[in-house]
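A.B. asks: One rule links them: number in the numbering used here = place in the sequence shown (from 1) + 252. Handing you a structure now.
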Amino acid sequence: MRQFRPVWIPTLLLLSPFAGCRTAPRSAALSAPAEEVRIASADERRGIDDEVDESSAAEIEQVDGVESTNETVAVAAEATSPPATVVDAAPGLTVFDAITTALAQNPDLITQRQTERVGRGAVGVAETYPFNPYVQIQATPYQDRRIGPPGTTNHYVLVMQQIQLAHQQRYREDIACAQLNSIRWTILQAELNTIAQAERLYFTALYQAGLRDLAQATADNNQELLRILEKRLEAGDATGADVAIVRLDARSTQQQLVLAKATAATALLDLRRHLGLSPTLQIPLANGLEGYPWRPLFGVAWGGGGGGGGNEDGAAETIDVPTGPSIAAPLSVAQGAGRPDVLAARSDVDVARAGTDLADAARVPDVQLGPYYQRNDVGTTFWGFRAQMDIPVWNTGTPLLRLREAELQQRVMAWRQLERRAGLEAEAAIDRYNRAFRLLTTFSDDSASGQLPVELQKLEEQFVAGEVDILRVFQSRNSLIQNRRALLDSLNEISQAAAGVTAATGLPLESLLVSPSERPGAL
253 MRQFRPVWIP
263 TLLLLSPFAG
273 CRTAPRSAAL
283 SAPAEEVRIA
293 SADERRGIDD
303 EVDESSAAEI
313 EQVDGVESTN
323 ETVAVAAEAT
333 SPPATVVDAA
343 PGLTVFDAIT
353 TALAQNPDLI
363 TQRQTERVGR
373 GAVGVAETYP
383 FNPYVQIQAT
393 PYQDRRIGPP
403 GTTNHYVLVM
413 QQIQLAHQQR
423 YREDIACAQL
433 NSIRWTILQA
443 ELNTIAQAER
453 LYFTALYQAG
463 LRDLAQATAD
473 NNQELLRILE
483 KRLEAGDATG
493 ADVAIVRLDA
503 RSTQQQLVLA
513 KATAATALLD
523 LRRHLGLSPT
533 LQIPLANGLE
543 GYPWRPLFGV
553 AWGGGGGGGG
563 NEDGAAETID
573 VPTGPSIAAP
583 LSVAQGAGRP
593 DVLAARSDVD
603 VARAGTDLAD
613 AARVPDVQLG
623 PYYQRNDVGT
633 TFWGFRAQMD
643 IPVWNTGTPL
653 LRLREAELQQ
663 RVMAWRQLER
673 RAGLEAEAAI
683 DRYNRAFRLL
693 TTFSDDSASG
703 QLPVELQKLE
713 EQFVAGEVDI
723 LRVFQSRNSL
733 IQNRRALLDS
743 LNEISQAAAG
753 VTAATGLPLE
763 SLLVSPSERP
773 GAL
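The structure is reproduced here in structure tokens:
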């Protein structure tokens, strides 16, 4: 009589690999769109909904041990998740509107933000433990010279799982988390560069617009002067030489006006490209360079070195500017330790350190272990375990460990040198700004009023009244034009220096401008 033996034990062994596995806590979040981080101003750029996603910032601090409490990043990264819409440019685009638009629509920045989702996916992969047992089944229903009774079949079931003994899983998680942290710091640095570039291009457009207006006023004045001289020539009150001189000067100023208009149009085109706007979109700029009053920025010595500017003893000379509100540059900012690209390099050091630990742990061979069940053709049942591992005879993993240690030393050196360079760049940027501010204070209020057409109109009235001759008109006009051009150059220099301070230290533009409540007594 055929005997039916229970088969539930092999069935359980076959189903054991599907009993469960470790689920990564962050892998489920990949189905949702990845949050995008941006740098915002203190007042959230006028009209932009300032919903702050605190979960993204908290996750950055949870990823690794790098503290994000430094003042540079705290000022530069006040908000996350930029809006989908852009502030309307009409009736005039301010520098803060330009910054907001660049953060929301700059093509390079949008592409850079997508790397965060890749980093999160890598963290999910690293957190998933490779629990994938393999099952081996063998059965021999046909047996020559059967010894046992009919119905017995020689078969066995083997289930084995690879077990890592040196905590390789933890080191893989450390690598992925440090890489994600590096990606996020890199995104913050890209946003900081985008803000600084938006400031540069915006102030450059204002500067070129000022030069265009100056050329327009000069050309209009020459045309009016030429018209008056031609009438006086007809009346016999002017000479042909005076008319020829004015006609030649009028032709020259017209050519300069055409060049100034082309340069201003190019500056606007560069600004639109950086903001991600259409080249044909008209974006009128609000105010002018005179509409941005600057405050002094202390914290670094002025002069000294090979460039001159020091005292007779060669020591650095302290900036002497009018008293007023000032901002002391924090020591961490001056040293460059809190800049996002420096912190990204620090995260790269953590990646290399975790890679070194993983290479060291890989020197311990993994063990494959699992239960074993067998039943032979005579009906004997066998239970037990089977284990196997590699024996490191020739390749012990030492060469790979040496490679990872060399990479770690390289990353540490790169981080320290970048930190040093960031400190030098911060000092140079602050020094340039202080120099530009001192130069700007040398201009009087009359020079800063920007009333060049009114002054030229006064000269024209004096010329018509016969109080001055044509030569004095030219001399006075050239003096006024040069003074106005020098003022525009000074305003452009301090605005470009302010953008450099933002790029080098992360200091927002609002900190360098005089607030409306302070403007009556400010420059």
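Here a beta-carbon is modelled for each residue, glycine too, at the ideal position from N, C-alpha and C.
#1: Taking the beta carbon of Asp489 as the centre, do at least 16 other beta carbons fall within 10 Å, making it buried, or is it exposed?
#2: Could you name the residues that DSSP lists as bridge partners for Met412?
#3: Rounded to the nearest angstrom, how far is the Cβ of Val347 from that of Glu443, given a contact under 8 Å?
#4: In chain order, what residues of the same chain have a beta carbon less than 8 Å from the beta carbon of Asp593, not counting five sequence neighbours either side?
#5: Classify Asn358 as buried or exposed, calling it buried when 16 or more other Cβ atoms lie within 10 Å of its own Cβ.
#6: Could you work out which residue in Gln475, Ala487 and Ala512 is closest to Val498 when comparing CA atoms only?
#7: Please report the straight-line C-alpha distance between Arg422 and Ala519, rounded to a whole angstrom.
#8: Using beta-carbon positions only, say whether Ala538 and Leu509 come within less than 7 Å of one another.
#9: In the DSSP assignment, the beta strand (DSSP E) including Leu621 goes from what residue to what residue?
#10: Who pairs with Ala639 in a beta bridge, going by DSSP?
#11: Hey, Tyr544 and Ser747 are a contact pair by Cβ (cut 8 Å); roughly how many whole angstroms apart?
#12: Does the region 377-390 come close enough to the region 403-413 that 3 or more CB-CB pairs lie under 8 Å?
#13: Distance check for Gly752 and Asp472, CA to CA, integer angstroms please.
#14: Check this for me: beta carbons of Ala611 and Glu659, under 7 Å apart or not?
#15: Let me check understanding here. Comparing Cα to Cα, which of Leu653, Gln734 and Leu511 lies closest to Val616?
#16: With burial defined as no fewer than 16 other Cβ atoms inside 10 Å of the residue's Cβ, what is the status of Ala596: buried or exposed?
#17: Nearest to Ala354 by CA position, among Arg372, Gln449 and Asn647, is which residue?
#18: Closer than 8 Å is the cut-off here; do at least three beta carbon pairs connect the region 636-652 with the region 425-434?
#19: Report yes if the C-beta distance between Ala755 and Leu764 is below 7 Å; otherwise report no.
#20: Could you pull the DSSP bridge partners for Leu537 from this structure?
#21: Might you give, ordered along the chain, the residues of its own chain that have their beta carbon closer than 8 Å to the beta carbon of Gly540, omitting 5 neighbours on each side?
#22: Do Asp349 and Leu453 come within 7 Å of each other at the CB atom, strictly closer than that value?
#23: Looking only at its chain, what residues have a beta carbon closer than 7 Å to the beta carbon of Asp609, apart from the 5 residues adjacent to it on each side?
#24: Starting from the C-beta of Leu759, find all residues in its chain whose C-beta is less than 6 Å away, skip the five residues before and the five after it, and write them out in chain order.
#25: Work out the CA separation of Leu345 and Gln506 for me, nearest whole Å.
#26: May I have the straight-line CA-CA distance separating Glu486 from Arg464, to the nearest angstrom?
#27: How long is the line joining the alpha carbons of Val289 and Arg591, rounded to whole angstroms?
#28: First and last residue of the alpha helix (DSSP H) that includes Tyr454?
#29: Check Trp646 in the structure and name its three-state DSSP category.
#30: What separation, rounded to the nearest whole angstrom, lies between the Cα atoms of Arg687 and Lys513?
#31: How about Leu361 and Thr456: are their beta carbons less than 7 Å apart?
C.D. replies: Let me spell this out:
#1: The residue in question, Asp489, is exposed, as its Cβ has fewer than 16 Cβ neighbours within 10 Å.
#2: Under DSSP, Met412 shares a beta bridge with Tyr386.
#3: About 16 Å separates the beta carbon of Val347 from that of Glu443, a gap too long to meet the 8 Å contact definition.
#4: The answer, listed in chain order, is Trp437, Thr438, Gln441, Leu670 and Ala674.
#5: Asn358 counts as buried, since no fewer than 16 other beta carbons sit within 10 angstroms of its beta carbon.
#6: Considering only alpha carbons, the answer is Gln475.
#7: Spanning the two alpha carbons is a distance of roughly 52 Å.
#8: No.
#9: Element bounds for Leu621: Val619 to Arg627.
#10: Looking at the DSSP assignment, Ala639 forms a beta bridge with Leu621.
#11: About 7 Å separates the two Cβ atoms, so the contact holds.
#12: The region 403-413 vs the region 377-390: in contact.
#13: Roughly 36 Å between the two C-alpha positions.
#14: Ala611 places its beta carbon 7 Å or farther from that of Glu659.
#15: The shortest Cα separation from Val616 among Leu653, Gln734 and Leu511 belongs to Leu653.
#16: Buried, since its Cβ has 16 or more Cβ neighbours within 10 Å.
#17: Selection Arg372, Gln449 and Asn647 evaluated against Ala354 yields Gln449 as nearest (Cα-Cα).
#18: The region 636-652, when compared against the region 425-434, does not touch it at the 8 Å Cβ threshold.
#19: Their beta carbons are not under 7 Å apart, which means Ala755 does not touch Leu764 by this criterion.
#20: Note: Leu537 sits in a beta bridge opposite Leu345.
#21: Residues Leu458, Ala461, Gly462 and Gly702 of the same chain have their beta carbon placed closer than 8 Å to that of Gly540, with the five preceding and five following residues left out of the count.
#22: Contact check for Leu453 against Asp349 fails: the beta carbons are separated by 7 Å or more.
#23: Counting only Cβ-Cβ distances below 7 Å, and skipping sequence neighbours, we find Tyr423.
#24: So the list reads Val753, once near-sequence residues are dropped.
#25: If I take the Cα positions, the gap works out to 28 Å.
#26: The alpha-carbon atoms of Glu486 and Arg464 are separated by roughly 33 Å.
#27: For Val289, the predicted model reports a pLDDT of 33, less than 50, meaning its position is unreliable; a value from the coordinates is still stated below. One C-alpha to the other measures close to 16 Å.
#28: Here the alpha helix (DSSP H) through Tyr454 covers Gln420 to Glu486.
#29: Note: Trp646 maps to coil in three-state DSSP.
#30: Arg687 and Lys513: Cα-Cα distance of roughly 30 Å.
#31: No. Outside cutoff.
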